[in-house]
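Residue numbers (our numbering): 497 to 986.
Beta carbons: idealized from backbone N, C-alpha and C, even for Gly.
No experiment lies behind these values; they were computed from the predicted model shown.
Report on the structure given below.
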């Protein structure tokens, strides 16, 4: 029996689907596709191919019975959302149609290039000095596989289409019910951000200049806007949005919660830190239905089956991504706090200001609208994470926060597009619109930079070590003495 979360009075008809849709099935295929490619392509056949088959079986089991039958889609809404996704994606770095932020896209395209020109997994150097590429490859693998067939000349366009497909399917799955309201909600999601402009004004005493990247206003802390995620790090943004949205929408469906272990399989391959941020939220959602999930009923058996299907391929994925993380190999190549480049803790006042301006006011709004255990968990995570410091660029804060932020911005989009609902009075709604408009300054600056900055072509001659020049150090690991080396293809 499915229960329903109690919402605050005055809630308008929900925009976000509370059930699995045809678009969700397509989005799941998109998210999970890199998993069998990775397992079958990176590991020796007797190990990788059976685990790839197990992952495919788990992917099929993840779909609910009604999700395996594609119902008739609302084409008008989907076309509008696909066009919006195309415009938004084109402004990002994939495809290099406009200015791409070089600090991220030069190494990102180099990783993609190496996945095309080199046998998997890519190696650099020879003999005792050989290094393995250890960057999470989920985002790149489908485009790289097609690039091996089509050639380097098509690679940038393939990545553009792959990125657009993910954004379009995400929009259709979450906002595809009604054309007008869905399009408006997708626009709200695209322009959602914390109040970086107020933080910059408080910290620097000035407003941003044109094209300025203002999200580092608090020093070594950043909660990225959705446009920043798409323009700079879609490899982290897409899995965080997708997983966060599913968990938020389907948190009261024990059958979905029983399949959650399978969701972590692709998420960790795309972005391990997003999986870290998703884990506590998933645990809270599951514990609310613990009697069904951990009992002898069908949902409990479904959870055990999901764990059994996910564990073997997940263990191999984790083993690869954690190469050199522990033991004698740990050191300059390990992703550890001691390897951090930005290791300057912000003063307490800056952290308090960051929490208040980035998420504080929006978290208060979320709890007013939704008092579920998952809402409290998302708020607690967003309020607590700025007090941590971990990773070369405080990566844990930036990436693990994406699923919780996705939940925050989805409820904001649903609220701001609600037709004729009493949402606490005209003054409250006006306040929310003003806060959203102030936050939208951040994505507008990102869009302005994309439109006015110099357009430069992707360089197919640069390898990942050349592009990264040793940073971040965790992208590579010495192959020598790694226990997993005999299991990798050569």
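Query                                                                                                                   : Result
Backbone CA spacing between residue 676 and residue 682 [nearest angstrom]                                              : 10 Å
In DSSP terms, what residue 619 is bridged to                                                                           : 628
Distance CB(residue 631)-CB(residue 971) smaller than 7 Å                                                               : yes
Under the three-state DSSP convention, the category residue 746 falls into                                              : coil
Top-ranked residue by Cα proximity to residue 903, from 940, 928 and 872                                                : 872
DSSP beta-bridge partners of residue 605                                                                                : According to DSSP, residue 605 bridges with nothing at all.
Proximity winner among 652, 713, 629 and 572, relative to residue 964 (alpha-carbon distances)                          : 629
Residue 571 burial status per 10 Å Cβ neighbour count (16 or more: buried)                                              : exposed
Per-residue burial, residue 950 [other beta carbons within 10 Å of its own, 16 or more giving buried]                   : exposed
Nearest-angstrom Cα separation, counted from residue 539 out to residue 812                                             : 9 Å
Burial state of residue 907, where buried means 16 or more other Cβ atoms lie within 10 Å                               : buried
Rounded straight-line distance, which links the Cα of residue 617 to that of residue 975                                : 11 Å
Buried or exposed by the 16-neighbour rule on C-beta atoms within 10 Å, applied to residue 833                          : Residue placement at residue 833 is flagged as unreliable, the pLDDT there being 36, under the threshold of 50; the coordinate-derived value follows with that caveat. Exposed, since its Cβ has fewer than 16 Cβ neighbours within 10 Å.
Cα-Cα separation between residue 717 and residue 882, rounded to whole angstroms                                        : 7 Å
Nearest residue (CA-CA) to residue 583, options 953, 947, 952 and 958                                                   : 947
First through last residue of the alpha helix (DSSP H) which encompasses residue 851                                    : 844-851
Distance cut-off 6 Å: residue 801 Cβ against heavy atoms of the ligand GDP                                              : Ligands are entirely absent from the displayed structure, and the ligand GDP is therefore not among its contents.
7 Å Cβ cutoff met for residue 778 and residue 756                                                                       : yes
Closest residue to residue 730 among 958, 527 and 941 (Cα-Cα distance)                                                  : 527
Opposing strand residues paired with residue 973 [DSSP bridges]                                                         : 628
Reduced DSSP category for residue 821 - H, G, I as helix; E, B as strand; rest coil                                     : coil
Beta-ladder partner(s) of residue 872, from DSSP                                                                        : BP columns for residue 872 are empty, so no partner.
Secondary structure of residue 984, DSSP reduced to three states                                                        : strand
Proximity to residue 879 [Cα-Cα], best of 743, 747 and 860                                                              : 860
Rounded Cβ spacing between residue 560 and residue 516 (contact assumed at less than 8 Å)                               : 5 Å
Proximity to residue 693 [Cα-Cα], best of 608, 870 and 938                                                              : 938
Whole-number beta carbon distance between residue 685 and residue 909, since they are thought to touch under 8 Å        : 5 Å
Spatially closest choice to residue 670 from 893, 522 and 622, by CA coordinates                                        : 522
Close-in-space but distant-in-sequence residues of the same chain around residue 806 (CB under 7 Å, 5 per side omitted) : 554, 757, 758, 760 and 761
Rounded C-alpha distance that separates residue 767 from residue 529                                                    : 14 Å
Bridge-paired residues (DSSP) for residue 539                                                                           : 984
Top-ranked residue by Cα proximity to residue 849, from 712, 896 and 727                                                : 712
Closest Cα partner of residue 664 within the set 979, 957, 524 and 954                                                  : 524
Length at least 4, wholly inside the stretch 673-750: the alpha helix (DSSP H) runs in chain order                      : 675-686, 692-700, 722-728 and 730-745
Proximity of residue 734 and residue 531 at Cβ, strictly below 7 Å                                                      : no
Residue 688 and residue 722 closer than 7 Å at C-beta                                                                   : yes
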